[in-house]
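Have a look at the structure below, then the notes.
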Amino acid sequence: AGAVSLRDVSRVVRLYNWFYNSLQTRRRAPGASRDSRTLTATTVVRSSLVLSLAHCYHSRLSDKRPEYRRIITNIINDMPPYELRLGRNEFFQLLTAEQQFYVAQLSPGEGIALNEALCEHIFMILVCVMDRS
């Protein structure tokens, strides 16, 4: 167990709101991808929660990331509203999909290895810049 500062809590809330607005905008945008258009209100809330927690905490962990994802998934699944429940690997899948979305917006050149570390760094930097963190 550990402690979090009120600054961390404030940052999670701010990022939650930012992700929520971003996903809602993407969902309604003209020419939005089929994946974006089919996002339900529940999916937007679930994704915003996971992405804000991932941006603030998951990225700080190294070898404890799988344990963190498991714990957060259990906490979310044990609390109402139960519509927000996460599947076994859904935390990781939501995070990876969002990272790949941001990387795709950059149109990386040929021969660039889009490994997990690069995708994570791009996601972290772009979210900080766009949210002005």
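For the sequence shown, the residue numbers in my numbering are 4 to 136. Here a beta-carbon is modelled for each residue, glycine too, at the ideal position from N, C-alpha and C.
- When only Cα atoms are considered, ALA57 and LEU98 end up about 7 Å apart.
- For LEU129, the enclosing alpha helix (DSSP H) covers residues 119-134.
- Across the set TYR23, ARG31, PRO83, the C-alpha of TYR23 shows the shortest separation from the C-alpha of THR46.
- For VAL7, the closest of CYS59, ALA116, TYR85 by C-alpha to C-alpha distance is CYS59.
- If you look at HIS61, you'll find it isn't in any alpha helix (DSSP H); DSSP assigns it neither H nor E.
- Within the model, the alpha-carbon separation for PRO84 versus GLY112 is close to 43 Å.
- Residues of the same chain with a CB within less than 6 Å of the CB of ARG88, apart from the 5 flanking positions on each side, are ASN80 in chain order.
- Here DSSP, grouped into helix, strand and coil, assigns ALA116 to coil.
- In the structure shown, SER110 falls within a coil segment according to DSSP collapsed to helix, strand and coil.
- Residue environment: CYS131 is assigned as exposed (fewer than 16 neighbouring CB atoms within 10 Å of its CB, all protein chains considered).
- For VAL7, the three-state secondary structure derived from DSSP is coil.
- Judged by DSSP secondary structure, THR43 falls outside any alpha helix (DSSP H); it is assigned neither H nor E.
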